[in-house]
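Undergrad: I'd like to ask you about the structure that follows.
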Amino acid sequence: MAAPSDFIRDIVAGHLAEKKYPQIHTRFPPEPNGYLHIGHAKSICLNFGIAREFGGICNLRMDDTNPTKEEVEYVDSIIADVKWLIGGWADQQLGFKSGGKSLEPFYASDYFDQIYEYAVALINKGKAYICDLTPEQTDEYRGAPDHPGKDSPFRNRRISENLDLFARMKAGEFPHGARTLRAKIDMSSPNVWLRDPILYRIRHAEHHHTGNKWCIYPMYDFAHCISDYIEGITHSICTLEFEVHRPLYDWILGNLELPRPLPHQYEFARLSLGYTVMSKRKLLQLVTEKIVTGWDDPRMPTISGLRRRGVTPEALRHFAYNIGITKYNGLTDVAVLEHAIREDLNKRALRRLAVLRPIKVVITNFPEGKIEELEAVNNPEDPNAGKRKIPFTRELYIEQDDFMEVPPPKYFRLRPGGEVRLKYAYIIKCDEVVKNASGEITELRCTADLDSKTGGATSARKVKGTIHWVSATQAVDAEVRLYDRLFTVEDPDAKGEFKEFLNKNSLEVVKAKCEPSLKDAAPETRYQFERIGYFTLDKETTPEKTVINRTISLKDAWAKEVKKV
RNA sequence: UGUCCGAUGGUGUAACGGUAGCACAAGGCCCUUUGGAGGCUUUUGUCAUGGUUCGAAUCCAUGUCGGACAGCCA
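Numbering (the working numbering), first residue to last: 2 to 566.
Next up, the structure:
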């Protein structure tokens with residue numbers, strides 16, 4: 002894969018060429034208030050990718066400045082997801098805390114003492130003040146994008162008073178929300194974020210990482226740039242909505258008069274993907290309202306959901322590479338993701354035979370009780386994957402879709418009086434269709450051309466169709482979960498309430514018959530059920546019950562053909 | 001009636017003043033003991049109008065359209 006190229010990497014390459022920084026240092030700074038999704042994967046691939054390509058380092062940092070929304074469960078999931086995504090790819094680029102070994106993330110909350118001192122420094126420079134305005138008043142004083150705000154009456158407090166008040170805020174003397182620390186910038190700035198933004202607020206809340214040490218917490222804008230500075234970040238890459246915050250980022254570091262070089266912020270467009278939603282708020286809603294089974298439901302666009310579904314980190318990285326990095330807010334076709342998944346799985350998946358919706362076939366000229374071992378290829382894309390044996394018996398199952406009494410034109414599969422190849426086995430001919438009293442097909446009685454299997458006299462005979470099958474007596478049962486897109490429209494965010502567009506058929510469960518080797522299916526192993534799709538074992542599998550997830554179906558040219566009519 | 005950002009086939013991107021290319025999607029053909037994979041192939045594009053230039057997707061101006069911003073969220 003060629004090295005990616007985009008406007009941010011161009012900037013980085015330029016800085017390296019002019020020796021602006023001794024080493025490139027990026028960071029991935031999620032807030033632990035939800036699980037990571039595929040949009041974060043884009044950011045992870047960007048930040049760790051840059052570190053990889055330019056000999057740099059990338060820190061994983063919890064952006065945990067709001068104790069009321071953050072939880073350790075999220076911290077743990079983030080660590081697991083990042084580890085999984087960059088494993089074997091960018092492990093060497095991962096930044097470690099001094100003395101750190103395993104994947105222990107950085108925490109913005111580890112810098113609370115230093116951030117506090119920087120706030121004091123700003124007060125001492127006369128660049129920040131304690132404001133007693135209520136939240137409502139603060140809103141009102143801020144004005145709006147199209148008209149200027151007005152100065153807070155507390156704006157010109159004495160430095161000594163500000164210092165005293167700030168210390169007492171820290172000491173817990175004031176209730177929740179009573180006062181704030183604000184930067185003294187410009188209430189009439191056309192950029193709303195420069196209208197004396199709040200730097201610290203009072204929150205008498207326990208923090209998942211610092212416990213009860215603090216009752217004042219820095220705002221994102223104040224904590225983020227300082228955290229970047231403390232860690233020696235050179236390129237602070239975030240999404241487009243922070244573009245208007247960049248002047249504030251620069252103002253804070255500039256007015257703190259810190260030794261150079263300072264980090265700089267660069268913005269790119271977040272990922273929007275068809276037929277799903279990407280905001281943590283909405284994903285959380287799907288979870289809390291039990292529309293999905295959890296953050297790692299295989300239908301979720303979360304990293305843990307995709308992992309559980311059977312998507313590999315390589316596929317996700319390829320996807321990230323393919324979509325590129327720009328400042329244009331587009332909607333990525335979900336087919337791009339699906340292609341990346343299929344391309345990856347095609348190379349690695351072990352082929353197996355499994356019948357999702359069985360219909361019984363009796364080979365009338367094959368002896369009862371006989372079990373013939375036939376040889377099957379594990380992966381035609383990978384000779385090293387070897388071969389295996391599959392049992393052939395008189396009674397088999399084939400897919401319901403693979404037989405039609407009155408087939409349309411170009412239907413290559415089994416029909417009354419017609420012939421079809423059973424993969425790795427014989428050519429069979431359908432002699433008789435057996436139905437029950439209500440007219441449903443219960444059994445197909447067929448004869449096999451017993452010379453037609455591989456190496457046989459008539460093995461070269463051409464029949465138009467080849468279908469998969471399993472031995473009825475040797476098959477193992479499995480619950481197979483077939484997932485479809487979560488929404489029925491490509492952009493559920495665009496037209497009102499996203500939940501109106503939920504796909505009610507996003508999960509279908511079938512009782513499948515699988516070839517015996519699937520009895521030993523292993524977690525993490527990817528399978529291709531021939532002619533159907535890619536599958537992997539679900540974590541809910543028990544010794545009594547095998548549960549299998551469909552990662553994605555195979556491309557289906559026939560379905561396309563049928564649609565044309 | 002504010003500030004900032006953006007606009008290249010259906011979608012996502014590349015081209016850094018010099019032949020508009022790639023991927024996905026769509027169509028066609030070949031091949032196939034997976035209607036998979038693979039191979040070959042076709043269609044479709046620089047938001048508009050001016051300007052600078054020998055030459056503009058690229059630089060400039062204006063317009064149009066789209067996005068972000070008014071949390072004590074990040």
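Where is the CB? At the ideal position from N, CA and C, for every residue including glycine.
Just so you know, these numbers come straight off a predicted model, no measurement behind them.
Under a three-way DSSP split, which group does E54 fall into?
TA: Against the first sequence, residue 54 aligns to sequence position 53. E54: helix per DSSP, three-state reduction.
Undergrad: I'd like the list of long-range same chain contacts for Y427, defined as Cβ closer than 7 Å, with 5 residues on each side in sequence excluded.
TA: One-based indexing of the first sequence puts residue 427 at position 426. Contacts found: A449, D450, L451, S453, K454.
Undergrad: Under DSSP, the beta strand (DSSP E) around P219 begins and ends at which residues?
TA: Start at 1 with the first residue of the first sequence, and residue 219 comes out as number 218. Where P219 is concerned, the enclosing beta strand (DSSP E) stretches over 217–219.
Undergrad: Using only CA atoms, which one of T394, H209, S44, P149 lies nearest to D187?
TA: Translated into positions along the first sequence, residue 187 becomes position 186. Here the closest residue by C-alpha is P149.
Undergrad: What does a CB cutoff of less than 6 Å around A355 pick up in its chain, not counting 5 residues either side in sequence?
TA: Residue 355 sits at position 354 when you count from the first residue of the first sequence. So the list reads A513, C515, F530, once near-sequence residues are dropped.
Undergrad: For L274 and N380, I'd like the C-alpha separation in whole angstroms.
TA: What you label residue 274 is simply residue 273 of the first sequence in a count that begins at 1. What you label residue 380 is simply residue 379 of the first sequence in a count that begins at 1. Cα-Cα distance, rounded: 31 Å.
Undergrad: Quick check: the stretch 104–117 against the stretch 328–340, are there 3 or more CB pairs under 8 Å?
TA: Proximity of the stretch 104–117 to the stretch 328–340 falls short of the contact definition, fewer than three beta-carbon pairs being nearer than 8 Å.
Undergrad: Would you mind sorting A145 into buried or exposed? The rule is 16 or more other CB atoms within 10 Å of its CB.
TA: The residue you call residue 145 lines up with position 144 of the first sequence. A145 comes out exposed.
Undergrad: Give the straight-line distance between the Cα atoms of K463 and I429, rounded to the nearest whole angstrom.
TA: Mapped onto the first sequence, residue 463 falls at position 462. Mapped onto the first sequence, residue 429 falls at position 428. Answer to the nearest angstrom: the Cα atoms are 12 Å apart.
Undergrad: From the DSSP output, which residues share a beta bridge with C515?
TA: Within the first sequence, residue 515 is the residue found at index 514, counting from 1. For C515, which the question treats as bridged, DSSP gives the partners A355, V477.
Undergrad: Return the CA-CA distance between T66 and R300, expressed in angstroms with no decimal places.
TA: Counted from its first residue, the first sequence places residue 66 at position 65. Counted from its first residue, the first sequence places residue 300 at position 299. Those two C-alpha atoms are separated by around 30 Å.
Undergrad: Provide the residue span of the alpha helix (DSSP H) that contains A18, from first to last.
TA: For the purposes of this step, residue 18 is identified with residue 17 of the first sequence, where counting begins at 1. Element bounds for A18: 8–18.
Undergrad: Compare the beta carbon distance of T537 and E525 with 9 Å and say whether it is the shorter of the two.
TA: Taking the first residue of the first sequence as position 1, residue 537 is located at position 536. Taking the first residue of the first sequence as position 1, residue 525 is located at position 524. Yes.
Undergrad: Which residues in the same chain as K21 place their Cβ atom closer than 7 Å to its Cβ, once the five residues preceding and following it in sequence are excluded?
TA: As a working note, residue 21 is residue 20 in the first sequence. P262.
Undergrad: Check whether the stretch 277–291 touches the stretch 245–260, counting contact only when three or more Cβ pairs, one atom from each stretch, lie closer than 8 Å.
TA: In this structure the stretch 277–291 does not lie against the stretch 245–260, because fewer than three pairs of beta carbons, one per stretch, are closer than 8 Å.
Undergrad: Helix, strand or coil: how does DSSP classify F155 here?
TA: Working through the first sequence from its first residue, we reach residue 155 at position 154. Here F155 sits in coil by DSSP.
Undergrad: What residues match up with Y398 in a beta bridge as DSSP calls it?
TA: To locate residue 398, count along the first sequence from 1; it is residue 397. Answer is K361, V471, bridged to Y398.
Undergrad: Grouping DSSP H, G and I as helix and E and B as strand, with all else coil, what is R183?
TA: Sequence index remark: in the first sequence, residue 183 carries index 182 (1-based). Three-state DSSP puts R183 in a strand.
Undergrad: Kindly indicate the opening and closing residues of the alpha helix (DSSP H) around I79.
TA: Numbered from 1 along the first sequence, position 78 holds the residue referred to as residue 79. Unbroken alpha helix (DSSP H) run through I79: 73–87.
Undergrad: Among P264, E54, V477, G331, which residue has its Cα nearest to the Cα of A495?
TA: Against the first sequence, residue 495 aligns to sequence position 494. Of P264, E54, V477, G331, the residue nearest in Cα terms is G331.
Undergrad: Span of the alpha helix (DSSP H) holding Q286?
TA: In the first sequence, residue 286 corresponds to position 285, counting from 1. 281–289 is the extent of the alpha helix (DSSP H) around Q286.
Undergrad: What three-state label does DSSP hand T489 in the structure shown?
TA: Along the first sequence, one-based indexing puts residue 489 at 488. Note: T489 maps to coil in three-state DSSP.
Undergrad: Per the contact definition of three or more C-beta pairs closer than 8 Å, is the stretch 314–331 in contact with the stretch 350–369?
TA: At 8 Å Cβ cutoff, the stretches do not touch.
Undergrad: Between the alpha carbons of N34 and S280, how many angstroms are there, rounded?
TA: Within the first sequence, numbered from 1, the residue matching residue 34 stands at position 33. Within the first sequence, numbered from 1, the residue matching residue 280 stands at position 279. Roughly 12 Å between the two C-alpha positions.
Undergrad: Just verifying my parser: in three-state terms, what is the DSSP assignment at S567?
TA: What the structure shows of the chain is the stretch from 2 to 566, and residue 567 is not part of that stretch, so it cannot be assessed.
Undergrad: Contact check, L357 vs I217 under 8 Å by CB: the rounded distance?
TA: Reading the first sequence from its first residue, position 356 is the one you call residue 357. Reading the first sequence from its first residue, position 216 is the one you call residue 217. In fact, because the Cβ distance is near 58 Å, the residues do not count as touching under 8 Å.
Undergrad: Let me check understanding here. Comparing Cα to Cα, which of G387, L249, G57, G325 lies closest to I234?
TA: Position 233 of the first sequence, counting from 1, holds the residue named residue 234. Taking only the C-alpha atoms, the option nearest I234 is G57.
Undergrad: Excluding five sequence neighbours on each side, which residues of the same chain lie with their C-beta closer than 6 Å to the C-beta of P219?
TA: By one-based count along the first sequence, residue 219 stands at place 218. Closer than 6 Å at Cβ, skipping near neighbours: T66, I116, Y201.
Undergrad: Buried or exposed, going by whether 16 or more other CB atoms sit within 10 Å of the CB of P409?
TA: The residue labelled residue 409 in the question sits at position 408 within the first sequence. Exposed, since its Cβ has fewer than 16 Cβ neighbours within 10 Å.
Undergrad: Would you list the residues sitting across from E444 in a DSSP beta bridge?
TA: What you label residue 444 is simply residue 443 of the first sequence in a count that begins at 1. Its beta-bridge partners are K361, V435.
Undergrad: What is the DSSP secondary structure of A145, counted as helix, strand or coil?
TA: For the purposes of this step, residue 145 is identified with residue 144 of the first sequence, where counting begins at 1. Of the three classes helix, strand and coil, the one that applies to A145 here is strand, per DSSP.
Undergrad: Could you give the distance in angstroms between the alpha-carbon of H177 and the alpha-carbon of R271?
TA: Within the first sequence, the letter at position 176 stands for residue 177. Within the first sequence, the letter at position 270 stands for residue 271. So the two alpha carbons sit approximately 34 Å from each other.
Undergrad: Quick one, which of P417, A18, F367 has its alpha-carbon nearest F55's?
TA: Here the question's residue 55 lines up with position 54 in the first sequence. Of the candidates P417, A18, F367, the one whose C-alpha sits nearest the C-alpha of F55 is A18.
Undergrad: As a quick exercise: from Y130, I131, K151, pick the residue whose alpha carbon is nearest that of D140.
TA: Here residue 140 refers to the residue found at position 139 of the first sequence. Closest option to D140, Cα to Cα, is K151.
Undergrad: Can you give me the C-alpha to C-alpha distance between L487 and P493, rounded to a whole angstrom?
TA: Residue mapping note: residue 487 aligns to position 486 of the first sequence, counting from 1. Residue mapping note: residue 493 aligns to position 492 of the first sequence, counting from 1. Going from the Cα of L487 to the Cα of P493 covers about 10 Å.
Undergrad: For P198, count the other beta carbons within 10 Å of its own beta carbon; 16 or more makes it buried, fewer makes it exposed. Which is it?
TA: Here residue 198 refers to the residue found at position 197 of the first sequence. Buried, because 16 or more other Cβ atoms sit within 10 Å of the Cβ of P198.
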